[in-house]
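Accompanying notes for the structure given below.
There are 2 protein chains.
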Amino acid sequence: MKQPALLIIDMQNDFVRAGAPMQMPGAERIIKNIRKVMEVFRNLGYPVFHVVRVHRSDGSDVEIFRREMFKSVPFAVEGTGGVEIIEELRPLQGEYLIRKNRMSAFMNTDLDLLLRSLGIYTVFITGIQTPNCIRTTVFDAAALGYHTVLVEDAVAARTSAVHEANLLDMANIGTVLISTDSTADLVRG
Amino acid sequence: MKQPALLIIDMQNDFVRAGAPMQMPGAERIIKNIRKVMEVFRNLGYPVFHVVRVHRSDGSDVEIFRREMFKSVPFAVEGTGGVEIIEELRPLQGEYLIRKNRMSAFMNTDLDLLLRSLGIYTVFITGIQTPNCIRTTVFDAAALGYHTVLVEDAVAARTSAVHEANLLDMANIGTVLISTDSTADLVRG
Chain A
15 MKQPALLIID MQNDFVRAGA PMQMPGAERI IKNIRKVMEV FRNLGYPVFH
65 VVRVHRSDGS DVEIFRREMF KSVPFAVEGT GGVEIIEELR PLQGEYLIRK
115 NRMSAFMNTD LDLLLRSLGI YTVFITGIQT PNCIRTTVFD AAALGYHTVL
165 VEDAVAARTS AVHEANLLDM ANIGTVLIST DSTADLVRG
Chain B
15 MKQPALLIID MQNDFVRAGA PMQMPGAERI IKNIRKVMEV FRNLGYPVFH
65 VVRVHRSDGS DVEIFRREMF KSVPFAVEGT GGVEIIEELR PLQGEYLIRK
115 NRMSAFMNTD LDLLLRSLGI YTVFITGIQT PNCIRTTVFD AAALGYHTVL
165 VEDAVAARTS AVHEANLLDM ANIGTVLIST DSTADLVRG
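Shown next, in the form of structure tokens:
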């Protein structure tokens, strides 16, 4: 496979850790798999993009449907510990950080510009959560002309019904679904 | 005037200070005027947006026509002193910071989203330099439906011929050109 890039989405303390304001149940379960996928990319020297949600503390850049909630329970606020990527998936020097404040990793970010500059045509996608940030990123990637590969046991949703329904829709637009264990073979192959 | 916003573009050490790698001659001359305009907005409690260029140290997000140059003379690199906004125009707490890596303040940023969220329809534009970051921002603002006001003695170019030629083109697409001294009256009026 021509050099692909890995996207790891929203694996931040505020969304992953037990008791965090916006904890996504199931996020902790996929850490191990994301690490495995990340190691495959690192070992081959392929680019890893750490995509994170970051909000201004005044909430002016929060989606309208969450703006009220944010006032009482702020999350992913710039400069706080909650916005940080979880310890297990900390970026290495030289890896890319993409800051977003919407679901899609492409919306109002330079992700597409960077991928184009690096000559990348295929993105592998991991992180949380399947119906929102994962799916919007997959659909935008497809719209922008990237081959998309979803590592299905390295993404998570609140319920398995939601998860499965979304996987089907993504497969139906040509997204390749693979498991963590088959990632290395596909990337090298 | 319904609440407008002020954009101050690229007034960073690397572009303004004598001897800086990408010094824009003429930039120091407009600091005083930008301060006056900024004070007008601050005194009325109107939003101020500080727009800055920020590059990754590996240069992967630099425009293609500057990428070679960046290797020998890096500029606006994240985490360096050169990327900082000049002392005289330092943002206050609660003002907005917009990070970009292209000319237009709208390209791959959340500026449009924030202006919409704040209910803003008019932008005043200041900073450097007239034919590049200023003009692309003005044209994008117009395309996105904003009334645009250019404070013509608070923007600068390398030569007055370039400056004047660009002012004409911007006036021709409906940009209002005003002086620093008339800003307060227009904003309050």
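If you're matching them up, the sequences are chains A and B in order. Using my numbering, the first residue of the first sequence is number 15, and each one after it goes up by one. Using my numbering, the first residue of the second sequence is number 15, and each one after it goes up by one. Beta carbons are placed, not taken as given, at the ideal position from N, Cα and C, and that holds for glycine.
Check your understanding: For B/Asp-75, which residues in chain A fall below 8 Å Cβ to Cβ?
Key -> Asp-124, Leu-127, Leu-128, Ser-131
Point to revise | Where the beta strand (DSSP E) through B/Thr-140 begins and ends | key: 136 to 142
Review point. Which residues, in chain order, does the region 16 to 34 of chain B contribute to contact with chain A at a C-beta distance below 9 Å?
Key: none
Practice item. May I ask which residues mark the beginning and end of the beta strand (DSSP E) holding B/Thr-197? Key: It is not in any beta strand (DSSP E) - B/Thr-197 instead sits in the alpha helix (DSSP H) that spans 194 to 202.
Review point. Between B/Val-91 and the rest of its own chain, which residues show a CB-CB distance below 7 Å, the 5 nearest in sequence each way excluded?
Key: His-69, Ser-71, Val-97
Point to revise | From B/Phe-29, B/Pro-105, B/Ile-192, B/Pro-39, residue whose alpha carbon lies closest to that of B/Val-62 | key: B/Pro-105
Review point. Which of helix, strand or coil does DSSP assign to B/Glu-120?
Key: For the record, residue 120 of chain B in the displayed sequence is Phe; it is not Glu. The answer is coil: DSSP assigns B/Phe-120 none of H, G, I, E or B.
Check your understanding: Once you ignore the five residues that flank B/Thr-150 on each side, which residues in its own chain have a CB closer than 7 Å to its CB?
Key -> Met-117, Ser-118
Check your understanding: Among residues of its own chain, excluding the 5 on either side of B/Ala-34, which ones have a beta-carbon nearer than 7 Å to its beta-carbon?
Key -> Asn-27, Asp-28, Gly-96
Check your understanding: Roughly how many whole angstroms lie between the Cα atoms of B/Phe-138 and A/Ile-112?
Key -> 29 Å
Check your understanding: For B/Asp-72, which of helix, strand or coil comes out of DSSP?
Key -> coil
Exercise for review: For the beta strand (DSSP E) containing B/Asp-167, list its first residue and its last residue.
Suggested key: 161 to 170
Review point. Applying the criterion that 16 or more other CB atoms from any shown protein chain within 10 Å of the CB defines a buried residue, is A/Gly-141 buried or exposed?
Key: buried
Practice item. Say whether chain A places a C-beta atom closer than 8 Å to the C-beta of B/Gly-59. Key: no
Check your understanding: Excluding five sequence neighbours on each side, which residues of the same chain lie with their C-beta closer than 8 Å to the C-beta of A/Arg-49?
Key -> Glu-102, Leu-103
Review point. Three or more C-beta pairs closer than 8 Å, one from the region 187 to 200 of chain A and one from the region 77 to 92 of chain B: is that the case here?
Key: no
Review point. Which chain B residues are close to A/Gly-108, counting only those with a beta carbon under 8 Å from its beta carbon?
Key: Asp-72
Exercise for review: Less than 8 Å between the CB atoms is what I'm expecting for A/Asn-47 and A/Asp-199, so what's the real figure, rounded?
Suggested key: Contact flag wrong, Cβ pair sits at about 15 Å.
Practice item. Please name the residue, chosen from A/Asn-146, A/Pro-18, A/Ala-155, A/Gly-159, that lies closest to A/Val-176 on a Cα-to-Cα basis. Key: A/Asn-146
Point to revise | Given B/Arg-43 as reference, the closest of B/Leu-132, B/Val-152, B/Arg-31 once Cα atoms are compared | key: B/Arg-31
Check your understanding: Who does A/Lys-114 pair with in a DSSP beta bridge?
Key -> A/Arg-67
Exercise for review: Classify A/Leu-125 as helix, strand or coil using the three-state DSSP reduction.
Suggested key: helix
Exercise for review: Mind checking which residues open and close the alpha helix (DSSP H) that includes B/Ile-48?
Suggested key: 45 to 58
Exercise for review: For A/Thr-194, I'd like the list of residues in its chain whose CB is within less than 7 Å of its CB, leaving aside the five on either flank, ordered along the chain.
Suggested key: Asn-47, Lys-50, Val-51, Val-165, Asp-167, Ala-168
Check your understanding: Could you give the C-beta distance for B/Ile-100 and B/Ile-45, rounded to a whole number, given that I count them as a contact under 8 Å?
Key -> 7 Å
Check your understanding: Quick one: Cα of A/Thr-144 to Cα of A/Asn-180, how far?
Key -> 7 Å
Review point. Roughly how many whole angstroms lie between the Cα atoms of B/Glu-77 and A/Ser-174?
Key: 43 Å
Practice item. Assign B/Pro-39 to buried or exposed, taking buried as 16 or more other Cβ atoms, counted over all protein chains shown, within 10 Å of its Cβ. Key: exposed
Exercise for review: Please list the partners that B/Asn-115 has in chain A, where partner means a Cβ-to-Cβ separation under 7 Å.
Suggested key: Asp-124
Review point. Distance, Cα to Cα, B/Phe-153 vs B/Asp-183?
Key: 10 Å
Review point. Between which two residues does the beta strand (DSSP E) harbouring A/Ala-19 extend?
Key: 19 to 23
Exercise for review: Give the straight-line distance between the Cα atoms of A/Leu-125 and A/Ala-155, rounded to the nearest whole angstrom.
Suggested key: 10 Å
Point to revise | B/Leu-106 - DSSP class collapsed to helix/strand/coil | key: coil
Review point. Hey, how far is the Cα of B/Ala-41 from the Cα of A/Ile-23?
Key: 40 Å
Exercise for review: Could you pull the start and end residues of the alpha helix (DSSP H) that B/Ala-175 belongs to?
Suggested key: 174 to 186
Point to revise | Nearest-angstrom Cα separation, counted from A/Val-201 out to A/Phe-79 | key: 38 Å
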